[in-house]
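S.K.:
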Amino acid sequence: ANRSFQEDDSIIDVGNGVKVGAENFMVCAGPCSVEDLDSTVELAIKLKDAGANSLRGGAFKPRTSPYSFQGLGVEGLKILNEAKKETGLPIVSELMGTDHLDTFVDMVDVIQIGARNMQNFDLLKALGQTNKPVYLKRGMSATIQEWLMSAEYIMAGGNNNVVLVERGIRTFETATRNTLDIQAVPVVQKESHLPIIVDPSHAAGVRYLIPSMAKSAVMAGANGLQIEVHEDPENAWSDGQQCLTPAEFKELMDTIKVLLEIE
Ligand code: PEP
Ligand code: MN
């Protein structure tokens, strides 16, 4: 992952004409959890119209409480594939363990490894044996060096298709869910050739901060964004408090497009 092995920025092809890295900006948007077919397809159409170039949706959810909604499982991946068929958007979903690895290789374009699994080394090694693009989210208490070492676990097996996702870290601050480490963007880009995208949703944990943090990420030079959007955030099955509505997302995207021209 170190720049000393590769001077040029890595460009990762996630399929359906979407790339991330160097000049290629990836906007991945969608609900925290996939809920049902119709709402997912309708939302995907709106996200694409607003300028998203990939669709996220959790089907296997790493919830803090075992009594919270755990995700639709493989059914959720099928729904995402219907939305992909309808919109052409490549799909991103979280894999929590090696037992479903083959299913994910077949059914998603990008395998997301969540913050809680950033140092699940057996899982990372297994991903190294595939050639699937991987979104490697930063652990909530991980240093940048530890995060890059986790990327190394995937790359050591021969899979160089790693995208780093800054999603906020735990600090003493309680006004927000986590603290977005915007400095991680230039630090990672100095240390590594891998693309880094920013997830302001899980960093902030509250809706009103998403637009300002997303714009900050663009100006810091991030290679993309991952943003949670829900048609009806108040009634979302997970993370509703941090989801934008489709209209809010479109408004943000209109600004992001202008900023990308400046940047
Ligand atoms: C998610 O993307 O829905 C998620 C659970 O993210 P994180 O692993 O960053 O908490
Ligand atoms: Mn979420």
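With the first letter of the sequence shown counted as 1, position 171 gets the number 242 in full-length UniProt numbering; the numbers rise by one all the way through. All residues carry an ideal CB built from backbone N, CA and C; glycine is no exception. Every value quoted in this text rests on a predicted model; they were computed, and no experiment measured them.
Which residues bound the beta strand (DSSP E) around Y138?
M.R.: By 1-based counting over the sequence shown, the position of residue 138 is 67. For Y138, no beta strand (DSSP E) segment is defined, and its DSSP state is neither H nor E.
S.K.: Taking the beta strand (DSSP E) that S164 falls in, what are its first and last residues?
M.R.: As a position in the sequence shown, residue 164 is number 93, starting the count at 1. Where S164 is concerned, the enclosing beta strand (DSSP E) stretches over I162 to E165.
S.K.: Which two residues bound the contiguous alpha helix (DSSP H) that contains E146?
M.R.: Residue 146 sits at position 75 when you count from the first residue of the sequence shown. Where E146 is concerned, the enclosing alpha helix (DSSP H) stretches over V145 to T158.
S.K.: Express the C-alpha separation of Q313 and E146 in angstroms, rounding to a whole number.
M.R.: On the sequence shown, residue 146 is found 75 positions in, with the first residue counted as 1. On the sequence shown, residue 313 is found 242 positions in, with the first residue counted as 1. Whole-angstrom Cα-Cα distance: 24 Å.
S.K.: Assuming G142 and G122 form a contact by the criterion Cβ under 8 Å, report the distance between their Cβ atoms to the nearest whole angstrom.
M.R.: The sequence position of residue 142 within the sequence shown is 71, counting from 1. The sequence position of residue 122 within the sequence shown is 51, counting from 1. Cβ atoms of G142 and G122 stay farther apart than 8 Å, at about 27 Å.
S.K.: Rounded to whole angstroms, what's the CA-CA distance from S104 to F76? Just pull it up for me.
M.R.: For this step, residue 104 is matched to residue 33 along the sequence shown. For this step, residue 76 is matched to residue 5 along the sequence shown. Each residue's alpha carbon lies about 37 Å from the other.
S.K.: Going by C-alpha to C-alpha distance, which of G86, L118, R241 and A227 sits closest to A186?
M.R.: By 1-based counting over the sequence shown, the position of residue 186 is 115. Selection G86, L118, R241 and A227 evaluated against A186 yields R241 as nearest (Cα-Cα).
S.K.: Compute the distance between the beta-carbons of L235 and A222, then report whether it is under 8 Å.
M.R.: By 1-based counting over the sequence shown, the position of residue 235 is 164. By 1-based counting over the sequence shown, the position of residue 222 is 151. Yes, they are a contact pair.
S.K.: Run through the DSSP bridge pairs and tell me what Q297 is partnered with.
M.R.: As a working note, residue 297 is residue 226 in the sequence shown. According to DSSP, Q297 bridges with C99.
S.K.: V277: buried (16+ other C-beta within 10 angstroms of its C-beta) or exposed?
M.R.: By 1-based counting over the sequence shown, the position of residue 277 is 206. Burial call: exposed.
S.K.: The ligand PEP and H171: does the residue's C-beta get closer than 7 Å to at least one heavy atom of that ligand?
M.R.: Taking the first residue of the sequence shown as 1, we reach residue 171 at position 100. Relative to the ligand PEP, H171 has its C-beta separated by 7 Å or more from all heavy atoms.
S.K.: Rounded to the nearest angstrom, what separates I184 and M167 at their Cα positions?
M.R.: Here residue 184 is taken as the residue at index 113 of the sequence shown, counted from 1. Here residue 167 is taken as the residue at index 96 of the sequence shown, counted from 1. About 7 Å.
S.K.: Quickly, what does DSSP pair V85 with across the bridge? List them, please.
M.R.: Looking up residue 85 in the sequence shown gives position 14. Bridge partners of V85: none, in fact.
S.K.: Which residue wins for smallest C-alpha separation from D79, given the options M178, I225, A274 and E262?
M.R.: Here the question's residue 79 lines up with position 8 in the sequence shown. Out of M178, I225, A274 and E262, E262 has the C-alpha closest to the C-alpha of D79.
S.K.: My output table needs one value for R127: the three-state DSSP class, helix, strand or coil.
M.R.: Taking the first residue of the sequence shown as position 1, residue 127 is located at position 56. It is a strand residue.
S.K.: Expressed to the nearest angstrom, what Euclidean distance is found between the alpha-carbon atoms of T158 and P271?
M.R.: Looking up residue 158 in the sequence shown gives position 87. Looking up residue 271 in the sequence shown gives position 200. Looking at the two C-alpha atoms, the distance is approximately 24 Å.
S.K.: Three or more beta-carbon pairs under 8 Å between the region 313-327 and the region 285-302, yes or no?
M.R.: yes
S.K.: Based on Cα-Cα distance, which residue from G229, L219, H264 and M211 lies nearest to F243?
M.R.: Here residue 243 refers to the residue found at position 172 of the sequence shown. A check of alpha carbon separations from F243 across G229, L219, H264 and M211 identifies M211 as the nearest.
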